[in-house]
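Asker: Just so we're aligned: -6 in this note's numbering is position 6 of the sequence shown, and the numbers increase by one with no gaps anywhere. Every residue gets a Cβ at the ideal spot worked out from N, C-alpha and C, and that includes glycine. Below is one structure. I have some questions about it.
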Amino acid sequence: MKLGILDYAPIDEGATPLVALRASTRLVQLAEQLNYSRFWVSEHHGIEAMASVSPEVLIAHLASATTRIRIGSGGVMLPHYSSVKVAENFKTLETLNPDRIDLGFGRAPGANPRVSAALNDEKSGLLPYPQKVADLLGFLTGGHAADSQYRGVSASPDAGSLPLPWVLGASGSTAELAATNGIGFTFAHFINPSARGPRAAEQYRRDFRPSAFLAEPAVIAAVFVAVGKDETESADLADAFHLWLSHAEGASPFPRIPSLERARNHQWSPTELAARERNQGRVIAGTAAKVARSLRDLADSYGADEVMINPMMPGEHRRAAALEALAAELSLSRPRATLLAESIPQP
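Laid out in structure tokens, this is it:
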């Protein structure tokens, strides 16, 4: 089973955005050493606790800091942007890093209403999402539909290889969109941890049409993880995750990712407890052995080629340790005498 990483560039308590972005750089280098398949970065606007705002810029930096691992967006929020400009950005990245760039995109705003309005301040309206996707793929390949107003127009530069597009979604409609366009499908199990995901993956494989991007269907299931040294630490890390998430979904998000100590000492309100219970299925928590078994089960339920983990855990050293432990459990790489994780600052 292949394993990838989705990174929000979380900003820990006491840290700065620069510290978080440097931590993401060390994390992708470690992931490459451990033979993780890909490393994606998110697009979140107006969220103080996350430094991954502009995935295209961060991808360029992370790709320059590595040599083999695929780097991509998880994802570009396509409705905000010109499809041709997105295509140009990612074809430029692909030119600089041949056969290493993934273009994951979605339709969620990735922002609160005011920030979303600012991102679209010069638009009189939004194109239907399927049209935006068709335009994007057409600009990447130059193969627009016969009735497209952009027929004959392609994005530059043309490097001879293409970034690999992935639809990010949590429903059957996004599965159909990925299938009919012959591109990859990533299901956000960390948003919708229900039977809908495996059904959407099955629908995608059934309806898949080969394209210039993929000859066969490709499915990724994405999920949050919290990996501890033992069950006690795992439970504490899961609580830290749920404390962050309960506020991130509400009106009072934390300006930084809550520390393990804060979570241990926190007095949970009824609202927070209800959110923790409601969101249990969005994160796989436990020791590395337990999480690895659950990841295999998740891959089997989706018939997935790959699982993508988001290690939303406080502390860079804990996120790095989780990557090492899972790589060992899933036999991604053989043990090495020295890994980058050894140079990651400890608290």
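How far does the alpha helix (DSSP H) with K73 in it reach, from first residue to last?
Answerer: From DSSP, the alpha helix (DSSP H) with K73 extends over 71 to 84.
Asker: Looking at the secondary structure, which residues open and close the alpha helix (DSSP H) in which T13 lies?
Answerer: Where T13 is concerned, the enclosing alpha helix (DSSP H) stretches over 5 to 21.
Asker: Leaving out five residues on either side along the sequence, give the residues of the same chain with a beta carbon under 6 Å from the beta carbon of R270.
Answerer: Around R270: F178, P181, F212.
Asker: Out of N85, S70, V74, Q255, state which residue places its alpha-carbon closest to the alpha-carbon of I59.
Answerer: That would be N85, whose Cα lies nearest to the Cα of I59.
Asker: Taking the beta carbon of G113 as the centre, do at least 16 other beta carbons fall within 10 Å, making it buried, or is it exposed?
Answerer: By the 10 Å Cβ count, G113 comes out exposed.
Asker: With distance defined between alpha-carbon atoms, name the residue in P205, G126, E82, T259 nearest to A147.
Answerer: Comparing Cα-Cα distances from A147 to each of P205, G126, E82, T259, the minimum goes to E82.
Asker: Taking just the CA atoms, how far does E219 sit from P67?
Answerer: Roughly 42 Å between the two C-alpha positions.
Asker: Go through its chain and collect everything with a Cβ distance to S159's Cβ below 8 Å, but skip five positions before and after it.
Answerer: These residues qualify, in order along the chain: N180, R184, A188.
Asker: Thinking just about the alpha-carbon of each residue, which of D227, V279, K278 is nearest to the one in Q255?
Answerer: Comparing Cα positions, the closest option is D227.
Asker: How would you call Q137, buried or exposed, if buried means at least 16 neighbouring beta carbons within 10 angstroms?
Answerer: Under this definition Q137 is an exposed residue.
Asker: With respect to the beta strand (DSSP E) encompassing E294, which residues constitute its N-terminal and C-terminal limits?
Answerer: Unbroken beta strand (DSSP E) run through E294: 294 to 298.
Asker: By the DSSP assignment, the alpha helix (DSSP H) with K278 in it spans what residues?
Answerer: It spans 276 to 290 - the alpha helix (DSSP H) in which K278 sits, taken as one unbroken run.
Asker: My output table needs one value for T174: the three-state DSSP class, helix, strand or coil.
Answerer: Note: T174 maps to strand in three-state DSSP.
Asker: Between which two residues does the beta strand (DSSP E) carrying R264 extend?
Answerer: That residue, R264, is in no beta strand (DSSP E); its alpha helix (DSSP H) goes 258 to 266.
Asker: Which residue from V16, Q21, A37 puts its Cα closest to that of A51?
Answerer: The candidate whose alpha carbon is nearest that of A51 is V16.
Asker: Short of 6 Å in beta carbon distance, which residues of its chain neighbour R193, apart from the five on each side in sequence? Order them along the chain.
Answerer: Closer than 6 Å at Cβ, skipping near neighbours: P205.
Asker: Take every Cβ of the stretch 26 to 41, pair it with every Cβ of the stretch -10 to 6, and state whether three or more of those distances are shorter than 8 Å.
Answerer: Because the criterion of three Cβ pairs below 8 Å is met, the stretch 26 to 41 and the stretch -10 to 6 touch.
Asker: In terms of DSSP beta bridges, what is V29 paired with?
Answerer: Answer is D(-5), S61.
Asker: Check for me: the alpha helix (DSSP H) holding L114 runs from which residue to which?
Answerer: It is not in any alpha helix (DSSP H) - L114 carries neither H nor E in the DSSP assignment.
Asker: Take the Cβ of L6 as the centre, count every other Cβ of all protein chains shown within 10 Å, and call the residue buried at 16 or more, exposed below.
Answerer: L6 comes out exposed.
Asker: By Cβ distance, which residues of its chain are closer than 8 Å to A277, with the 5 residues on each side in sequence left out?
Answerer: Excluding positions up to five away in sequence, the list reads E317.
Asker: Using CA atoms only, rank isn't needed, just tell me which of A200, G157, T80, V64 is closest to T129.
Answerer: Of the candidates A200, G157, T80, V64, the one whose C-alpha sits nearest the C-alpha of T129 is A200.
Asker: Applying the criterion that 16 or more other CB atoms from any shown protein chain within 10 Å of the CB defines a buried residue, is G98 buried or exposed?
Answerer: Only weak support exists for where G98 lies, its pLDDT of 48 falling under 50; the coordinates are left without a value.
Asker: Can you give the beta carbon distance from A39 to L9, rounded, assuming they're within the 8 Å contact cut?
Answerer: Confirmed, Cβ separation roughly 5 Å.
Asker: If I follow the unbroken alpha helix (DSSP H) through V45, where does it start and stop?
Answerer: Its alpha helix (DSSP H) spans residues 43 to 52.
Asker: Could you pull out every residue in the same chain whose Cβ sits closer than 8 Å to the Cβ of L46, ignoring the five residues on either side in sequence?
Answerer: Result list for L46: A(-3), L9, S12, V29, S40, in chain order.
Asker: Measure the Cβ-Cβ separation of V121 and L165 and say whether it is below 9 Å.
Answerer: Yes, the Cβ-Cβ distance between V121 and L165 is below 9 Å.
Asker: If you follow the beta strand (DSSP E) that L152 is part of, which residue opens it and which one closes it?
Answerer: Counting along the chain, the beta strand (DSSP E) containing L152 begins and ends at 152 to 157.
Asker: I'd like the list of long-range same chain contacts for E44, defined as Cβ closer than 6 Å, with 5 residues on each side in sequence excluded.
Answerer: Same-chain partners within the cutoff: N77.
Asker: Could you pull the DSSP bridge partners for D90 from this structure?
Answerer: Per DSSP, G60, L152.
Asker: Which one of P246, R264, S70, R56 has the shortest CA to CA distance from G2?
Answerer: That would be P246, whose Cα lies nearest to the Cα of G2.
Asker: So, at 6 Å on beta carbons, what are the nonlocal neighbours of E260 in its own chain, with the 5 sequence-adjacent residues on each side left out?
Answerer: Excluding residues within five positions, the ones whose Cβ falls inside 6 Å are S234.
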